[in-house]
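Taking the working numbering, the leading residue of the sequence shown gets 54, the next gets one more, and so forth.
Here is the structure we will look at.
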Amino acid sequence: MLQFISSGLSKVAVPSTIHCDHLIEAQLGGVRDLERAKDINQEVYNFLASAGAKYGVGFWKPGSGIIHQIILENYAFPGVLLIGTDSHTPNGGGLGGICIGVGGADAVDVMAGIPWELKCPKVIGVKLTGNLSGWTSPKDVILKVAGILTVKGGTGAIVEYHGPGVESISCTGMATICNMGAEIGATTSVFPYNHRMKKYLEKTGRSEIAALAEEFKENLVPDEGCKYDDLIELNLDTLKPHINGPFTPDLANPVSEVGDIAKKNGWPLEIKVGLIGSCTNSSYEDMGRAASVAKQALDHGLKCKSKFTVTPGSEQIRATIERDGYVSAQTKKGGASLFHFCLPYRKDVKKGEKNTIVTSYNRNFTGRNDANPATHAFVTSPEIVTALSIAGTLKFNPETDELIGADGKKFRLQPPDADELPAKGFDPGQDTYQHPPKDGSGVQVKVDPKSQRLQLLEPFDHWDGQDLEDLKILVKVKGKCTTDHISAAGPWLKFRGHLDNISNNLLIGAVNIENNKANCVKCQETGNYGPVPDTARYYKFGGGSWERGAEMVGAESREQRWMERRAEMDGAGSGEPRFALVHKTLSETNLKKQGLLPLTFSDPADYDKIHPDDTISIVGLKKLAPGK
Numbered sequence: 054m055l056q057f058i059s060s061g062l063s064k065v066a067v068p069s070t071i072h073c074d075h076l077i078e079a080q081l082g083g084v085r086d087l088e089r090a091k092d093i094n095q096e097v098y099n100f101l102a103s104a105g106a107k108y109g110v111g112f113w114k115p116g117s118g119i120i121h122q123i124i125l126e127n128y129a130f131p132g133v134l135l136i137g138t139d140s141h142t143p144n145g146g147g148l149g150g151i152c153i154g155v156g157g158a159d160a161v162d163v164m165a166g167i168p169w170e171l172k173c174p175k176v177i178g179v180k181l182t183g184n185l186s187g188w189t190s191p192k193d194v195i196l197k198v199a200g201i202l203t204v205k206g207g208t209g210a211i212v213e214y215h216g217p218g219v220e221s222i223s224c225t226g227m228a229t230i231c232n233m234g235a236e237i238g239a240t241t242s243v244f245p246y247n248h249r250m251k252k253y254l255e256k257t258g259r260s261e262i263a264a265l266a267e268e269f270k271e272n273l274v275p276d277e278g279c280k281y282d283d284l285i286e287l288n289l290d291t292l293k294p295h296i297n298g299p300f301t302p303d304l305a306n307p308v309s310e311v312g313d314i315a316k317k318n319g320w321p322l323e324i325k326v327g328l329i330g331s332c333t334n335s336s337y338e339d340m341g342r343a344a345s346v347a348k349q350a351l352d353h354g355l356k357c358k359s360k361f362t363v364t365p366g367s368e369q370i371r372a373t374i375e376r377d378g379y380v381s382a383q384t385k386k387g388g389a390s391l392f393h394f395c396l397p398y399r400k401d402v403k404k405g406e407k408n409t410i411v412t413s414y415n416r417n418f419t420g421r422n423d424a425n426p427a428t429h430a431f432v433t434s435p436e437i438v439t440a441l442s443i444a445g446t447l448k449f450n451p452e453t454d455e456l457i458g459a460d461g462k463k464f465r466l467q468p469p470d471a472d473e474l475p476a477k478g479f480d481p482g483q484d485t486y487q488h489p490p491k492d493g494s495g496v497q498v499k500v501d502p503k504s505q506r507l508q509l510l511e512p513f514d515h516w517d518g519q520d521l522e523d524l525k526i527l528v529k530v531k532g533k534c535t536t537d538h539i540s541a542a543g544p545w546l547k548f549r550g551h552l553d554n555i556s557n558n559l560l561i562g563a564v565n566i567e568n569n570k571a572n573c574v575k576c577q578e579t580g581n582y583g584p585v586p587d588t589a590r591y592y593k594f595g596g597g598s599w600e601r602g603a604e605m606v607g608a609e610s611r612e613q614r615w616m617e618r619r620a621e622m623d624g625a626g627s628g629e630p631r632f633a634l635v636h637k638t639l640s641e642t643n644l645k646k647q648g649l650l651p652l653t654f655s656d657p658a659d660y661d662k663i664h665p666d667d668t669i670s671i672v673g674l675k676k677l678a679p680g681k
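Here it is as structure tokens:
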């Protein structure tokens, strides 16, 4: 919204909505966390409400739910082209939509009525045969695919799932698979329209859209005989439950083997925390399958050995599962029901203390859940998280292992059983949506110049036309450089509306190839080592110019947002162009719109020829062109 305000336009040109539940932190439990969020984020919420009212944008108030779940419940439909400023926007592919995560600059263009552009992607086909059954869930499909393609394998591609196996997956299960397509770098993922989507549309009050989809369904499936740039085939009959991690979502481990793998690698076997829900696995079916497992443990007098938390993805899901008794089954098992936010932040272990957690979320990068680099985080399905939390160890395999009930007798958990959709329909819960007025011209939007949370954006100065000589390298990055490496989440999210403050997390998670340390780079002017943001500011305000080298700038939209915003602090100086040398980038268009031009090595091996102490000159800028 800050970027749209800077456009000078009076109203958005296309239907747009604001979502804010990423600002809620899990600390005390549902209602108390929401009230705490309203207290500490009131300035931001007031800004979003007033900006939405002024510019014709709907506002989902705090407590409404995570953007992806709200989109699935209200906005996504078969054949839609939808963009959202979050990398997991492809969640809507579970309803047959082309839903793509973008950066703020792209979103502002669309809101302003400017056509959105995308480099023509490749198409990776995933053919599914057989049927899901037992402990195997839709989550296992994407966990297996991630193991095959890795976090880079989907880069520049749309993943299209097809084949007879699709019929055994619920609509929300398809959404889970599409959601985690971001973890393989995919532009988006999509499923063909089928009766599962029709049922979901009808249950969420969109029968008219379901009828239209039925009328045009031949246009909402893959063309017969279509060709794919790459093809993966999965037999769901033989697919086993998976648990991926630690530290990366593409390290695929069968649940039956992870205990031995963990022991071999020295990963902690004891599970400290189990987390289910959030935007990836918080559907009615997900909560029901987890509750089914929890009830079995309760019936045998057991509670969780691990701390266990439930985070429903929306107000509608919360109200519905509470009405139908799912929450009581989970909380009686020893779980805490939290609110509708992206993920909780832990304070139960000291920084540097090795521990293991299991989640049904989508990401498990180092420090993501608790800023502790020693936390070994694994991602799996909600039912496997629940079963492992009961047992308290990675060694437990619910398919074969037994538990001992309170009566001393052994028993084995049975595969979960739950309804795909609520028989009584969804309970919408509290009305948390603010409709924009027909005329918002009289609404005032105020930003305090002294605010630490909000900052109006200033335009760049014009380029002075000069080449750049002897630029210093800020950091040469080693290994992965994902969203969380470039712009850490967690406590930093509160500064997302303040460009200068959010810039203090610039590349603090990236590893410096010079010393194998994160957030520790050498200032070439002083010879001292210090944090990346501090060094960048020294170069900028000291009059120096710097270049950023990165082995890879990943494909996720938070990178785009933060990179585009941080472009304003890039140290080339006022009036000079700003550059980043990279192996590859999917945020190219977004970066350009924000004044930061990514220059890609024509030969990736040239990256290795540059030393962090080198200086770089970029000449011939007036004649700069693609391929030259």
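All C-beta atoms in this analysis are idealised placements derived from N, C-alpha and C, irrespective of residue type, glycine included.
Do residue j and residue i come within 8 Å of each other at the CB atom, strictly closer than that value?
| i | j | result |
| --- | --- | --- |
| GLY378 | TYR108 | no |
| ASP290 | ASN450 | no |
| THR301 | LYS525 | no |
| ASN707 | SER413 | Because the chain spans 54 through 681 in this model, residue 707 falls outside it and cannot be assessed. |
| GLY341 | ALA440 | no |
| VAL363 | GLY330 | yes |
| ALA210 | VAL176 | yes |
| GLU236 | ARG416 | yes |
Could you pull out every residue in the same chain whose Cβ sits closer than 6 Å to the Cβ of residue i, ignoring the five residues on either side in sequence?
| i | result |
| --- | --- |
| ARG619 | Note that ARG619 scores a pLDDT of 44, beneath 50, so its modelled location is shaky; the value from the coordinates is reported in the next line. The residues are SER556, LEU559. |
| GLY218 | LEU181, THR182, GLY183, LEU289 |
| LEU447 | VAL311, GLY312, ALA315, LEU322 |
Going by CA-CA distance only, name the one from the options that's closest to residue i.
| i | options | result |
| --- | --- | --- |
| HIS75 | LEU62, TYR98, GLY595, ALA264 | TYR98 |
| PRO131 | ALA158, LYS570, ASP470, PHE244 | PHE244 |
| MET164 | LYS251, GLY105, VAL326 | GLY105 |
| SER367 | LEU148, ALA347, CYS357, CYS332 | CYS332 |
| GLY482 | LEU649, GLU406, ASP454, PRO365 | PRO365 |
| ASP480 | ALA444, LEU521, THR373, PHE513 | THR373 |
| GLY226 | PRO191, LYS531, TYR246 | PRO191 |
| GLN122 | ALA102, GLY146, LEU101, VAL133 | GLY146 |
| SER345 | ASP282, ALA542, GLU436, LEU62 | GLU436 |
| HIS295 | GLN647, GLY137, GLN487, VAL411 | VAL411 |
| GLN577 | TYR592, ILE324, LEU677, LEU171 | TYR592 |
| LEU196 | ALA90, VAL308, LYS251 | VAL308 |
| CYS534 | ILE566, GLU522, CYS231 | ILE566 |
| LYS570 | ALA678, PHE112, GLY532, VAL67 | GLY532 |
| VAL380 | LEU355, LYS358, LYS348 | LYS348 |
| ASP339 | VAL438, ARG421, PHE100, ASP666 | VAL438 |
| SER670 | CYS152, ASP523, PHE548 | ASP523 |
| TRP188 | VAL498, LYS675, LYS293 | LYS293 |
| GLU473 | GLY178, ILE370, TRP169, LYS358 | ILE370 |
Does the beta-carbon of residue i have 16 or more other beta-carbons within 10 angstroms, so that it is buried, or is it exposed?
| i | result |
| --- | --- |
| VAL84 | exposed |
| THR684 | The structure shown does not extend to residue 684, since the chain is modelled only from 54 to 681, so the question has no answer here. |
| MET616 | Bear in mind that the predicted position of MET616 carries a pLDDT of just 39, short of 50, making it too unreliable to give a figure here. |
| PHE269 | exposed |
| HIS664 | exposed |
| LYS114 | buried |
| CYS173 | exposed |
| PRO469 | buried |
| ILE262 | buried |
| ASP537 | buried |
| PRO512 | exposed |
Is DSSP giving residue i helix, strand or coil here?
| i | result |
| --- | --- |
| GLY146 | helix |
| PHE431 | strand |
| ALA459 | coil |
| SER48 | For residue 48 there is no data in the structure shown, the boundaries of the chain being 54 and 681. |
| PRO665 | coil |
| VAL364 | Rather than Val, the amino acid found at residue 364 in this sequence is Thr. In this structure, THR364 counts as strand in the three-state DSSP scheme. |
| LEU560 | coil |
| LEU135 | strand |
| ILE77 | coil |
| SER712 | This structure leaves residue 712 out entirely; the chain is present only between 54 and 681. |
| LYS205 | coil |
| THR225 | helix |
| HIS295 | strand |
| PHE112 | strand |
| HIS215 | strand |
Leaving out five residues on either side along the sequence, give the residues of the same chain with a beta carbon under 7 Å from the beta carbon of residue i.
| i | result |
| --- | --- |
| VAL672 | ASP520 |
| GLY684 | Summary: the structure shown does not reach residue 684, with the chain confined to residues 54 through 681, and so no result is reported for it. |
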